[in-house]
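Trainee: Have a look at the structure that comes next, please.
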Amino acid sequence: MSITAFMQWLANTPMSVSIRESLWGYPIIETIHVLGLCLFLGFTVMLDLRLLGVAMKRTPASEVCGRLEPWMVGGFIVMLSSGVLLFYGDPAKFYGSIFMRVKFAMLALAGLNVLIFKTGTYRKVREWDMRDATPAGAKIAAALSLTLWIGIVAAGRAIAYFLPPD
Amino acid sequence: MMPLVQWFGHSAVAQAIHNSSWLFPFIEIFHLLALGLLGGTIILVDLRFFGLGMKSKPLPELARDVQPWLLTSLAVMLTSGFLLFISEAAKMYTNEALRFKMLFLALALIFMFTIRSRFTNAQPTPASPVSGWAVALISMALWTCVGLGGRAIGFV
Chain Y
1 MSITAFMQWL ANTPMSVSIR ESLWGYPIIE TIHVLGLCLF LGFTVMLDLR LLGVAMKRTP
61 ASEVCGRLEP WMVGGFIVML SSGVLLFYGD PAKFYGSIFM RVKFAMLALA GLNVLIFKTG
121 TYRKVREWDM RDATPAGAKI AAALSLTLWI GIVAAGRAIA YFLPPD
Chain C
1001 MMPLVQWFGH SAVAQAIHNS SWLFPFIEIF HLLALGLLGG TIILVDLRFF GLGMKSKPLP
1061 ELARDVQPWL LTSLAVMLTS GFLLFISEAA KMYTNEALRF KMLFLALALI FMFTIRSRFT
1121 NAQPTPASPV SGWAVALISM ALWTCVGLGG RAIGFV
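This is the structure we're talking about:
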């Protein structure tokens, strides 16, 4: 089965139909998606600003990272599950959206960026925790993260405005 | 207030956004990004009232640290929100959800800059945390109403 055929099949499952056709389905899931955004994106930006050395400078970077992480994970789970439901409500259409694909690609890059940072610069965090200037590796990771998340929000907004025709 | 709204609605800026196919979503992106940061900084401080999140930092210090980011994102939200509003002024003026949102926005801002800021500036932190919990709950409830109202604008 091709991906397109799979998306068609998914679109015909009863739950997908009910999300699509219910009056409240989309508004409620979208609201949860946006509330999750406050928690996840807000904390991500604050952490990135700390890694850039411009916010919460008096607190060790590892401390900011450690304290915010569980909330960011929670916020991300909310965003991901509500996002999956939004996609599942009209999979054939969203799969065909170029901005959806751009968003997926940038999400993957953002994940990769975290992975590289955590296994690289962050392993030596004790050495630069309280230093005035954060190391270049941390700054690059933070700048990449901010850029990607701006792009992800922009692509996400664009999905709704440039949907492929039925 | 109608004449003033009409005047803004007929301004060149409002007309440019109204007649453009991409300016409205473009401004919405700024509105959403600022929402993330504004919501994040508010939640961070509200969580601290419960001893959650950045718990090793004293509340006044945390509130002071996030204040510039809170104010910046608030400024971006108000500016982008105002631009979105005037581009659809005639339609938006009578939108019930927008009125609901503006009412709760006013309440949330008044609460934040009066009662909540008195609590976040309190040194030393009061012995009983209960009043702080109430402040955090009211703060989050008011902002949630602003968000719900905002989300509803496009659906009513």
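Going line by line, the protein sequences match chains Y and C. The letter at position 39 of the first sequence is residue 39 when you use the working numbering, and the numbering goes up by one with no holes. The letter at position 114 of the second sequence is residue 1114 when you use the working numbering, and the numbering goes up by one with no holes. Glycine included, each C-beta is placed from N, C-alpha and C at the ideal position.
#1: Examine chain Y for any beta-carbon lying closer than 9 Å to the beta-carbon of C:V1046, and answer yes or no.
#2: When you compare each of C:Q1015, C:V1130, C:A1108 and C:A1089 to C:G1149 by their alpha carbons, which one comes out closest?
#3: Out of Y:A108, Y:V102 and Y:L37, which has the shortest C-alpha to C-alpha gap to Y:I77?
#4: Give a yes or no on whether the minimum CB-CB distance between Y:P27 and chain C is below 9 Å.
#5: So what does DSSP say about Y:D129, is it helix, strand or coil?
#6: Report buried or exposed for Y:M1, applying the criterion of at least 16 other Cβ atoms within 10 angstroms of its Cβ.
#7: Rounding to the nearest angstrom, what Cα-Cα distance links Y:A141 and Y:S82 in this structure?
#8: With three or more C-beta pairs closer than 8 Å as the rule, is the stretch 1132 to 1142 of chain C touching the stretch 1078 to 1091 of chain C?
#9: Under 9 Å between C-beta atoms, does C:G1081 make it to chain Y?
#10: Tell me the DSSP secondary structure of Y:N12 in three-state form.
#11: Give a yes or no on whether 9 Å exceeds the smallest Cβ distance from C:I1017 to chain Y.
#12: With a threshold of 9 Å between beta-carbons, can C:T1041 be considered close to chain Y, or not?
#13: From what residue to what residue does the alpha helix (DSSP H) around C:Q1015 run?
Mentor: According to the structure shown:
#1: Counting from one through the second sequence, the residue named residue 1046 of chain C turns up at place 46. Note that residue 1046 of chain C is Asp in the sequence shown here, rather than Val. No, its Cβ sits nowhere closer than 9 Å to a Cβ of chain Y.
#2: As a position in the second sequence, residue 1149 of chain C is number 149, starting the count at 1. Minimum Cα distance to C:G1149 is reached at C:A1108.
#3: The residue labelled residue 77 of chain Y in the question sits at position 77 within the first sequence. Ranking Y:A108, Y:V102 and Y:L37 by Cα distance to Y:I77 puts Y:L37 first.
#4: Numbered from its first residue, the first sequence carries residue 27 of chain Y at position 27. Yes, its Cβ sits closer than 9 Å to a Cβ of chain C.
#5: On the first sequence, position 129 is the one that residue 129 of chain Y refers to. Coil at Y:D129, not helix or strand.
#6: Within the first sequence, numbered from 1, the residue matching residue 1 of chain Y stands at position 1. Y:M1 should be labelled exposed.
#7: For the purposes of this step, residue 141 of chain Y is identified with residue 141 of the first sequence, where counting begins at 1. For the purposes of this step, residue 82 of chain Y is identified with residue 82 of the first sequence, where counting begins at 1. Looking at the two C-alpha atoms, the distance is approximately 27 Å.
#8: no
#9: Position 81 of the second sequence, counting from 1, holds the residue named residue 1081 of chain C. Chain Y, which has no Cβ nearer than 9 Å to the Cβ of C:G1081, makes this no.
#10: Sequence index remark: in the first sequence, residue 12 of chain Y carries index 12 (1-based). In this structure, Y:N12 counts as coil in the three-state DSSP scheme.
#11: Along the second sequence, read from residue 1 onward, the residue named residue 1017 of chain C stands at position 17. Judged by the 9 Å Cβ criterion, C:I1017 is not in contact with chain Y.
#12: Locating residue 1041 of chain C in the second sequence gives position 41, where the first residue counts as 1. Taking Cβ atoms only, chain Y reaches closer than 9 Å to C:T1041, which makes this a yes.
#13: On the second sequence, position 15 is the one that residue 1015 of chain C refers to. That run of the alpha helix (DSSP H) goes A1012 to N1019.
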